[in-house]
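Q:
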Amino acid sequence: MNDAPAGDLLPKLTGKISPDRIRLMRAPRPPHGLIEKFKRIPDATSVVADVMDELGITGAIGASVLKPTLPNASIVGPALTVRNIMQRDHVYETARNHVNRMAEFEAHNLALPGDVVVIDGVAGISNMGGISAQTGKRQGEAGAIVFGGIRDVGHSRRVEYPLWATEITPVTGKWRIETVEINGDIQIAGIRVSPGDIVVADETGVCFIPIARAAEVLERALAKAAFEHEKCGAIDAGTAVADLPSRE
Numbered sequence: 030m031n032d033a034p035a036g037d038l039l040p041k042l043t044g045k046i047s048p049d050r051i052r053l054m055r056a057p058r059p060p061h062g063l064i065e066k067f068k069r070i071p072d073a074t075s076v077v078a079d080v081m082d083e084l085g086i087t088g089a090i091g092a093s094v095l096k097p098t099l100p101n102a103s104i105v106g107p108a109l110t111v112r113n114i115m116q117r118d119h120v121y122e123t124a125r126n127h128v129n130r131m132a133e134f135e136a137h138n139l140a141l142p143g144d145v146v147v148i149d150g151v152a153g154i155s156n157m158g159g160i161s162a163q164t165g166k167r168q169g170e171a172g173a174i175v176f177g178g179i180r181d182v183g184h185s186r187r188v189e190y191p192l193w194a195t196e197i198t199p200v201t202g203k204w205r206i207e208t209v210e211i212n213g214d215i216q217i218a219g220i221r222v223s224p225g226d227i228v229v230a231d232e233t234g235v236c237f238i239p240i241a242r243a244a245e246v247l248e249r250a251l252a253k254a255a256f257e258h259e260k261c262g263a264i265d266a267g268t269a270v271a272d273l274p275s276r277e
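Sequence positions in the sequence shown follow my numbering and run 30 to 277.
#1: Does DSSP put M81 in a helix, in a strand, or in coil?
#2: Whose C-beta lies closer than 6 angstroms to the C-beta of G202 among residues of the same chain, with five residues either side of it excluded?
#3: Is DSSP giving K166 helix, strand or coil here?
#4: Give the C-beta separation of I217 and I104 to the nearest angstrom, bearing in mind that I take them to be a contact with Cβ-Cβ under 8 angstroms.
#5: Would you kindly check if the distance between the Cβ of I215 and the Cβ of N113 is under 7 angstroms?
#6: I'd like to know whether the C-beta atoms of A243 and V80 end up nearer to each other than 7 angstroms.
#7: Kindly indicate which three-state DSSP category I46 falls into: helix, strand or coil?
#8: Which residues in the same chain have their Cβ closer than 8 angstroms to the Cβ of Q116, if we skip the five residues on either side of it in sequence?
#9: Bridge partners for I240 per DSSP, in chain order?
#10: Is I86 helix, strand or coil when you go by DSSP?
#11: Would DSSP call N113 helix, strand or coil?
#12: Specify the secondary structure class of K260 as computed by DSSP and reduced to three states.
#13: Contact defined as beta carbons within less than 8 angstroms: I believe F256 pairs with G88. What is the distance between those atoms, to the nearest angstrom?
#14: Please classify I104: does DSSP put it in a helix, a strand, or coil?
#15: Taking 6 angstroms as the limit between beta carbons, can you name the residues of its chain near G143, skipping five residues before and five after?
#16: What is the residue span of the alpha helix (DSSP H) that I64 lies within?
#17: If you compare alpha carbons, which of G219, R186, C261 and I211 is closest to N101?
#18: Count the other CB atoms, across all protein chains shown, that sit within 10 Å of the CB of H137; report buried if there are 16 or more and exposed otherwise.
#19: Measuring CA to CA, which of K66, T268, Y190 and A73 is closest to R167?
#20: Ignoring anything shorter than 4 residues or poking outside the stretch 161 to 208, list the alpha helix (DSSP H) runs there in chain order.
#21: Which value, in whole angstroms, describes the spacing of the CA atoms of V76 and R125?
#22: By the 10 Å Cβ neighbour count, where 16 or more other Cβ atoms means buried, how is I227 classified, buried or exposed?
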């Protein structure tokens, strides 16, 4: 377990996961102003996905795979990663003995305002429920991305906690799932996501930007967004289609 930055007051751990399974106590922080500038980009995932193509970066996933639960939701923030697997024992035994090894609450406990919880989860089972979502909202998280199931969608909507997930199911994970790592590298739809990578999510999908490339992606994305704004203005002004500005 790595120490947090100097001067960062760490919370008391919940004990839901062994401390040696927490690779970083805090997800790396983005450069000052970077998140706010990404938030200025309209239709952000489409713009960012285009730029990532140009730079040879893989990291865009469509909303047909990671489905948003809130209409018009749009978030940007650093990833706080969680990895879940199935428990070995049969659910009837774990439920009877109340063996709950889920630890996304430890992720909420460690989250800083603006973090995005990204869960490499288990299919067909809920990796995050309504009380968990409400806790994340209280902690000031931007939202969560779950490659796997979630439940209590009405609850998360009521507290306005944005979620993107591959599945929705009432089947609880608390007797079925074991959280084996927090703030390590994970895989989301075949894309490697590291703690601190920049997450951009909206109704069109989700983009994961490696933190080492984020400033480069941002610069190009802002330029592309400015060009598209200019082109839309020309369309509104009645410019002939053949005379519209083009970068291609």
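Glycine residues also receive a C-beta, built at the ideal position from the N, C-alpha and C atoms.
Values in this document were obtained by computation on a predicted structure and should not be read as measured data.
A: In short:
#1: helix
#2: The residues are M131, I154, S155 and N156.
#3: Helix, per DSSP.
#4: Not a contact, Cβ separation roughly 15 angstroms.
#5: no
#6: no
#7: coil
#8: Excluding residues within five positions, the ones whose Cβ falls inside 8 angstroms are T123, V128, R130, W204, R205, I206 and E207.
#9: Beta-bridge pairing links I240 to no other residue.
#10: coil
#11: For N113, the three-state secondary structure derived from DSSP is strand.
#12: helix
#13: Rounded, the Cβ-Cβ distance is 22 angstroms, inconsistent with contact.
#14: DSSP places I104 in the strand class (E or B) of the three-state scheme.
#15: Same-chain partners within the cutoff: G106 and A171.
#16: Residues L63 to K68.
#17: R186
#18: buried
#19: Y190
#20: 182 to 187
#21: 50 angstroms
#22: Counting Cβ neighbours within 10 Å, I227 comes out buried, since at least 16 surround it.
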